[in-house]
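Chemist: So the sequences go chain by chain: R and C. For the first sequence, counting from 1, position 259 maps to 259 in full-length UniProt numbering; every step adds exactly one. For the second sequence, counting from 1, position 527 maps to 527 in full-length UniProt numbering; every step adds exactly one. Beta carbons are placed, not taken as given, at the ideal position from N, Cα and C, and that holds for glycine.
Number of protein chains: 2
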Amino acid sequence: MGNADYAYPSGMNVESVHRVAIPPPQPFFKSLKYSMKETFFPDDPFRKFKNQPASKRFMLGLQYFFPIFEWAPKYTLHFLKSDLISGITIASLAIPQGISYAKLANLPPILGLYSSFTPPLIYAMMGSSRDLAVGTVAVGSLLMASMLGRVVNFNENPKLFLHLAFTATFFAGVLQASLGLFRLGFIVDFVSHATIVGFMGGAATVVCLQQLKSILGLEHFTHEADLVSVMRSVFSQTHEWRWESAVLGCCFIFFLLVTRYFSKRQPKFFWVSAMAPLTSVILGSLLVYVTHAEKHGVQVIGNLKKGLNPPSATDLVFVSPYMGTAIKTGFVTGIIALAEGIAVGRSFAMFKNYHIDGNKEMIAIGTMNIFGSFTSCYLTTGPFSRSAVNYNAGCKTAASNIVMAIAVMLTLLFLTPLFHFTPLVVLSAIIVSAMLGLIDYQAAIHLWKIDKFDFLVCFTAYVGVVFGSVEIGLVIAVAVSLLRVLLFIARPRTFLLGNIPNSAVYRNVEQYPNANHIPGILILEIDAPIYFANASYLRERITRWIDEEEDRIKATEQTSLQYVIMDMTAVANIDTSGISMLEECKKTVDRRGLQLALVNPGSEVMKKLNKSKFLDELGQKWIYLTVEEAVGACNFMLHSYKPNPMKDESEGWNNA
Amino acid sequence: MGNADYAYPSGMNVESVHRVAIPPPQPFFKSLKYSMKETFFPDDPFRKFKNQPASKRFMLGLQYFFPIFEWAPKYTLHFLKSDLISGITIASLAIPQGISYAKLANLPPILGLYSSFTPPLIYAMMGSSRDLAVGTVAVGSLLMASMLGRVVNFNENPKLFLHLAFTATFFAGVLQASLGLFRLGFIVDFVSHATIVGFMGGAATVVCLQQLKSILGLEHFTHEADLVSVMRSVFSQTHEWRWESAVLGCCFIFFLLVTRYFSKRQPKFFWVSAMAPLTSVILGSLLVYVTHAEKHGVQVIGNLKKGLNPPSATDLVFVSPYMGTAIKTGFVTGIIALAEGIAVGRSFAMFKNYHIDGNKEMIAIGTMNIFGSFTSCYLTTGPFSRSAVNYNAGCKTAASNIVMAIAVMLTLLFLTPLFHFTPLVVLSAIIVSAMLGLIDYQAAIHLWKIDKFDFLVCFTAYVGVVFGSVEIGLVIAVAVSLLRVLLFIARPRTFLLGNIPNSAVYRNVEQYPNANHIPGILILEIDAPIYFANASYLRERITRWIDEEEDRIKATEQTSLQYVIMDMTAVANIDTSGISMLEECKKTVDRRGLQLALVNPGSEVMKKLNKSKFLDELGQKWIYLTVEEAVGACNFMLHSYKPNPMKDESEGWNNA
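(1) For Y512(C) and chain R, any beta-carbon pair shorter than 8 Å?
(2) Per DSSP, what are the beta-bridge partners of D567(R) in this structure?
(3) Buried or exposed: S178(R), going by 16 or more other Cβ atoms within 10 Å of its Cβ?
(4) At 7 Å on the CB atoms, spell out the chain C contacts of F29(R), in chain order.
(5) Of all the residues that make up the stretch 484-499 of chain R, which are near chain C by a beta-carbon distance shorter than 9 Å?
(6) Output the distance between the C-alpha atoms of P9(C) and Q620(C), rounded to the nearest integer angstrom.
(7) R47(C): buried (16+ other C-beta within 10 angstroms of its C-beta) or exposed?
(8) At the level of alpha carbons, what is the spacing between G324(R) and E525(R)?
(9) Beta strand (DSSP E) containing G498(C): first to last residue?
(10) What does DSSP give as the partner residues of G135(R) in its beta bridges?
(11) Counting only beta-carbon separations shorter than 8 Å, does A528(C) have a partner in chain R?
(12) Helix, strand or coil, according to DSSP, for Y537(R) in the structure here?
(13) Only counting the same chain, and skipping five residues up and downstream in sequence, which positions put a Cβ closer than 8 Å to that of R346(C)?
(14) By the criterion of Cβ-Cβ separation under 9 Å, what are the contact partners of S312(C) in chain B?
(15) For the beta strand (DSSP E) that contains Y506(R), what are its first and last residues?
(16) Determine the DSSP secondary structure at H18(R), reduced to helix, strand or coil.
(17) Measure the beta-carbon distance from Y322(C) to A105(C) and round it to whole angstroms, keeping in mind my assumption that it falls under 8 Å.
(18) What residues from the stretch 183-194 of chain C come within 7 Å of chain R, judged by C-beta to C-beta, listed N to C?
(19) Going by Cα to Cα distance, which pick from N309(R), Q26(R), D43(R), H18(R) is closest to K449(C)?
(20) Which residue or residues does DSSP assign as beta-bridge partners of Y34(C)?
(21) Are the beta-carbon atoms of L594(C) and V631(C) separated by less than 8 Å?
(22) Could one say the Cβ of residue 669(C) lies closer than 8 Å to chain R's Cβ atoms, at least one of them?
(23) Are any of the Cβ atoms in chain C nearer than 8 Å to that of V174(R)?
(24) Can you give the Cα-Cα distance for G464(C) and R232(C), rounded to whole angstroms?
(25) Report the residue ranges of all alpha helix (DSSP H) runs contained in full by the stretch 307-395 of chain C; include only those spanning at least 4 residues, in chain order.
(26) Does the beta-carbon distance from D43(C) to E540(R) come in below 8 Å?
(27) Using only CA atoms, which one of L609(R), T543(R), A535(R) lies nearest to Y354(C)?
(28) When we look at the beta-carbon of M200(C) and count the other beta-carbons within 10 Å, is it buried (16 or more) or exposed?
(29) Helix or strand or just coil, what does DSSP make of V197(C)?
(30) Using only the alpha-carbon positions, how far apart do N309(C) and D567(R) sit?
(31) Whose Cβ in chain R lies nearer than 9 Å to the Cβ of Y289(C)?
(32) Is the CB of T569(C) under 8 Å away from at least one CB in chain R?
(33) Give every residue of the same chain whose Cβ lies closer than 6 Å to the Cβ of I327(R), excluding the five residues on either side of it in the sequence, and list them in chain order.
(34) Report the neighbours of V475(R) on chain C: residues whose CB is nearer than 7 Å to its CB, in chain order.
(35) Can you tell me which of the three DSSP states V151(R) falls into?
(36) Answer yes or no: do I301(C) and P158(C) have a C-beta to C-beta separation smaller than 8 Å?
See the structure below:
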């Protein structure tokens with residue numbers, strides 16, 4: 001196969017010419033199976049199972065779904081020590097944050113504690129990340145409040161609102177687990193990093209704005225979350241502002257930010273910032289208890305019920321019209337929570353050099369939400385801030401989640417009365433200080449510097465969330481991201497190639513301005529698959545390249561154009577519209593008395609060109625393995641024959 | 001720039017190494033302008049205007065929007081003769097077809113004649129195709145009937161239905177003209193050829209099914225268009241079937257098909273099939289007139305009003321809820337009509353070797369529909385069948401449309417009473433015979449042979465139209481087409497490269513099974529831009545390639561793996577997620593004690609790698625212009641130094 005086995009004009013260096021291979025035809029079902037496998041099982045999860053006895057397979061399967069069976073047998077006392085420290089550290093963060101976020105979701109504060117009890121236990125058994133700390137998240141909480149708030153007023157019907165939150169959590173879990181089970185995890189990849197930066201920043205801004213309510217001690221507040229509504233609500237009631245509350249809030253925000261700054265500078269003292277929220281809660285509660293500030297306009301949490309999570313499976317609402325809302329809320333919040341959880345898990349796995357299976361993580365997160373919805377928990381995932389603390393505290397395995405769950409359990413059983421006097425403004429300060437860390441303006445600047453389109457995606461997500469709503473921002477950002485992909489396909493780049501001096505290499509003359517033009521030959525490179533979406537564009541663009549080249553030749557009176565070489569190296573695939581485009585291109589080129597040659601079509605392209613008979617039309621001798629060989633052959637013919645640029649003559653060539 | 005200007009291990013053939021260029025930074029607005037131009041003005045319509053005096057520019061502008069100013073001055077008597085013949089030929093087809101399609105749209109039959117009068121005149125002035133014959137189309141008519149029929153019953157409120165049809169036509173025209181004006185013509189490209197084949201076939205099937213009503217002489221018939229409803233409707237009233245009508249219908253269908261077959265075999269006798277519909281109408285009318293069959297269950301057209309198009313601008317409905325329906329109907333039918341018109345115009349332009357500007361055509365078709373809606377016309381475009389007849393009859397310019405319009409005008413003024421006795425069943429026969437030509441099963445077989453995915457698109461469009469509705473079919477087919485594009489991006493192919501014997505060329509070992517593996521070096525090719533949608537997949541896939549290679553080496557005890565070379569030739573672009581992916585890949589490779597090298601990143605990729613500092617991280621010496629040079633350099637180091645596969649050592653290399 002190495003050397004060409006068809007006739008070339010004599011005298012040509014046949015040694016240097018290699019044939020472009022047509023891959024052997026494959027049975028339809030074989031290639032279908034292959035592409036299905038690449039689409040749904042790119043990580044080849046069954047590799048381990050091959051050639052194993054049944055008992056071993058069962059054990060591997062169990063370990064696949066419950067990684068605890070993998071790490072528990074190897075668990076050591078040394079691990080336990082590390083996990084104990086990190087578990088207690090994240091519990092001290094989880095308790096105040098849980099209460100704060102539950103308030104943000106317009107749910108009873110105790111739900112924040114419930115949600116830090118059962119879900120971490122389930123994740124510890126099923127999750128494959130060693131660093132993820134499970135808990136509720138601010139963005140998910142806010143999103144749930146705003147989406148459910150549109151059909152049920154939480155003040156008027158708190159019970160229905162609560163049940164809808166459980167139902168939404170249930171559907172979020174079902175969606176997450178199904179995505180994982182059906183290997184559709186790649187859907188999450190369509191939420192790009194740029195989208196997440198803009199979206200998180202926007203959501204953090206919106207969440208901070210919401211905190212103005214408790215920081216300013218306002219009684220009435222808008223139910224809308226966008227900037228305009230909140231600002232109107234705040235500044236229409238300046239006479240209601242409470243200075244006591246505002247002063248307290250600012251002090252705590254300052255304290256929390258200072259501890260965070262300190263811990264960032266001195267990573268050894270990670271526990272300073274991790275303990276700061278709990279310290280604020282204790283200090284704030286003591287202050288209120290001593291000064292009786294609750295009677296002077298400082299709102300407090302009030303009674304929290306003692307005891308573990310009550311069952312809530314029977315509370316799920318499966319009747320319309322509420323079920324529709326719950327499904328919609330569940331799906332949107334579920335996807336967002338999943339994107340965050342997977343991204344966090346992957347980042348830490350990268351640091352510690354172990355592997356995370358995205359689809360497996362989805363099953364774990366989904367299951368933990370389904371069981372969560374049965375035990376009075378709402379949406380949980382792996383929040384970045386808490387997982388980072390977990391990582392810094394030196395956690396070794398998912399056992400740190402178990403330690404946290406036990407600490408929360410003890411709190412639920414014995415310590416809830418202590419939170420009676422905790423002022424809401426402290427919770428707001430905790431939220432604000434956590435949220436400010438999510439506004440990653442440096443990442444946005446980085447995006448602007450490297451990729452303007454990514455910045456646009458990030459910016460639209462931010463603006464959409466801040467001025468519209470969380471969903472609007474997300475939908476716009478995903479749409480803009482997809483638009484980029486479609487635009488890439490619809491408007492692929494085509495380049496003129498030239499010869500790099502002292503080499504046999506042909507490259508884009510825009511990138512390599514010293515690349516030399518070959519007289520009489522136009523060499524083009526197409527940089528995308530040729531699909532229906534770009535076939536007409538490419539046809540017009542190629543014609544324009546030929547026009548421009550002929551104009552240029554006319555102006556400079558060089559050798560007239562004789563050959564058009566198309567480098568197909570970067571054309572990964574082609575569809576029937578693309579083949580028609582090539583056929584039309586061939587006709588156009590023929591009509592002008594030129595000759596078309598293709599270089600290095602890939603296996604998919606070659607297969608289809610062959611099946612469609614375009615190969616016979618063009619003549620297989622006009623397909624070369626490299627640009628160098630194509631140019632060599634053209635140059636040889638150019639200088640030995642000098643074909644007359646008339647159609648008949650050129651067709652003669654074609655049929656030679 | 002040609003030769004590398006940094007140090008290489010001595011003894012290495014420096015001559016052969018070329019540096020990958022980083023394109024000079026471009027000002028943001030310049031590159032934005034460039035990509036805007038490529039996106040919206042790929043055909044560079046302003047080229048002709050450059051360096052021209054103002055008067056010449058005005059003339060060119062006028063000619064751009066009204067091509068008649070371009071061809072009219074050069075018009076000859078010879079052209080006139082050809083255009084007269086073809087114009088009269090298409091008029092003889094347009095009159096019976098117009099009446100038939102108007103019946104299909106549940107509109108007064110006379111509208112079919114009106115619609116063949118003003119729109120062709122406008123197109124003759126503004127259109128750039130010389131072969132397009134303007135008229136109404138079956139699919140558009142059916143679609144309009146079904147979409148408008150959902151809000152207004154044409155039997156109960158024929159006037160409102162008629163006015164809504166005008167309004168929908170107006171909005172279709174506005175959409176078409178705006179797409180052209182705003183250079184958004186590429187949206188039409190997203191309706192792929194495969195979609196059109198399936199969609200047209202489905203629509204033709206549905207239209208034929210509708211004809212069962214008049215062919216069987218049924219009084220009552222379903223308003224649904226899908227196969228199941230029609231079959232239920234037909235077979236639930238077998239006792240109502242009229243044999244007279246059925247026999248007449250079958251005879252005429254047979255006659256029309258035979259003439260078409262004859263003309264296809266003998267292209268010289270194109271006029272036989274072109275005249276057949278009018279002949280059928282005359283024969284049918286005579287038959288009814290002589291036998292008084294209208295009194296025996298054969299339905300006839302009845303009275304047609306004499307006179308030219310009445311104005312209808314004041315009939316347009318701009319009040320809700322009707323306006324919403326009209327807009328939706330207009331947009332859907334407008335896009336479909338546009339896709340057909342542009343495709344037909346382009347095909348014939350390709351045959352005759354002249355250029356069609358898609359955006360200009362859209363403006364022409366849009367304007368003709370806007371003016372059409374003011375003069376009692378409904379949706380028109382350039383139907384394939386009529387344009388093919390026009391082409392075969394030897395038309396030279398758009399003047400054949402003017403001839404047709406004059407012929408229709410004369411008919412409207414003097415001949416309408418002659419259609420009184422025309423039996424509806426003849427119209428149905430005309431529709432059926434036209435539609436059978438649209439079911440292009442050979443194209444579907446061709447799609448199946450060449451590209452299974454295109455066949456899937458075609459098949460879903462067909463099934464969607466036949467069992468669902470015309471819109472459902474269209475939406476599903478476009479969604480499936482887009483899914484293919486997204487899937488291409490989400491799951492790009494990666495290949496292992498090997499050396500083609502007796503050459504310096506490296507190609508995919510799957511396509512070239514004789515390509516040789518290079519010991520100690522893994523060469524990968526990525527076949528798509530690296531975007532957010534595929535970054536995680538590629539990371540996992542590349543890791544799997546390395547795993548598999550190391551497993552293979554372990555099994556065969558060959559030279560251990562030292563270098564991973566990634567050929568970036570086909571990576572046309574990269575975004576920030578893609579750069580993170582590369583950074584993570586580098587870390588993974590480093591951690592295994594291997595060295596990463598990139599080959600031939602394009603200008604966009606190089607620019608971004610440079611800005612993101614990945615270039616510094618990797619070291620510019622690890623970026624090569626060709627795989628050959630990369631392999632050469634790696635081989636040189638492999639054999640002279642034998643680096644220890646430990647991380648420190650490898651990092652030492654990196655910083656060398």
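Modeler: To lay it out plainly:
(1) Yes, contact with chain R.
(2) Residue pairing of D567(R) in beta bridges, as defined by DSSP: E525(R), V599(R).
(3) S178(R) should be labelled exposed.
(4) Neighbours of F29(R) on chain C: none; closest Cβ ~11 Å, over 7 Å.
(5) Flagged, chain order: R484, V485, L486, L487, F488, I489, A490, R491, P492, R493, F495.
(6) Note on P9(C): pLDDT 42, under 50, position unreliable in the model; the coordinate value appears next. Going by the C-alpha atoms only, they are around 15 Å apart.
(7) So R47(C) counts as exposed.
(8) Cα to Cα, G324(R) sits roughly 51 Å from E525(R).
(9) DSSP places G498(C) in the uninterrupted beta strand (DSSP E) bounded by 494-499.
(10) Under DSSP, G135(R) forms a beta bridge with T381(R).
(11) Among the residues facing chain R, A528(C) is included, as its CB has a counterpart in that chain under 8 Å away.
(12) When DSSP states are grouped into helix, strand and coil, Y537(R) belongs to the helix group.
(13) Hits under 8 Å: I356, G358.
(14) Considering every chain present, this structure includes no chain B. Its protein chains are R and C.
(15) Element bounds for Y506(R): 506-508.
(16) Shown here, H18(R) sits in a strand according to DSSP, grouped into three states.
(17) Rounded, the Cβ-Cβ distance is 17 Å, inconsistent with contact.
(18) F186, D189, F190, S192, H193, A194: these are the residues of the stretch 183-194 of chain C whose beta carbon lies less than 7 Å from some beta carbon of chain R, given in chain order.
(19) If we check each option's Cα against that of K449(C), Q26(R) comes out closest.
(20) Answer is none; Y34(C) lacks a bridge partner.
(21) Not closer than 8 Å, so no.
(22) Absent from the model: residue 669(C). The displayed extent of chain C is 1 to 656, so no value can be given.
(23) No, its Cβ sits nowhere closer than 8 Å to a Cβ of chain C.
(24) When the Cα atoms are used, G464(C) and R232(C) turn out to be separated by approximately 18 Å.
(25) Counting only runs of at least 4 residues, the stretch 307-395 of chain C fully encloses the following alpha helix (DSSP H) elements, listed from N- to C-terminal order: 322-352, 358-374, 384-392.
(26) For the pair D43(C) and E540(R), the CB atoms are nearer than the 8 Å cut-off.
(27) Ranked by Cα distance from Y354(C), the options L609(R), T543(R), A535(R) are led by T543(R).
(28) Around the beta carbon of M200(C), 16 or more other beta carbons lie within 10 angstroms, which makes this residue buried.
(29) In the structure shown, V197(C) sits in a helix (DSSP, three-state: H, G or I).
(30) So the alpha carbons of these two residues sit roughly 56 Å apart.
(31) For a Cβ distance threshold of 9 Å, nothing in chain R lies close to Y289(C): the least Cβ distance comes to about 49 Å.
(32) Using beta-carbon distances, T569(C) counts as an interface residue toward chain R, with a partner under 8 Å.
(33) A distance below 6 Å between beta-carbons, with the five flanking residues on each side excluded, links I327(R) to the following residues of its chain, in chain order: F171.
(34) Within 7 Å of the CB of V475(R), no CB atom of chain C is found; the nearest one sits about 16 Å away.
(35) V151(R): coil per DSSP, three-state reduction.
(36) Not closer than 8 Å, so no.
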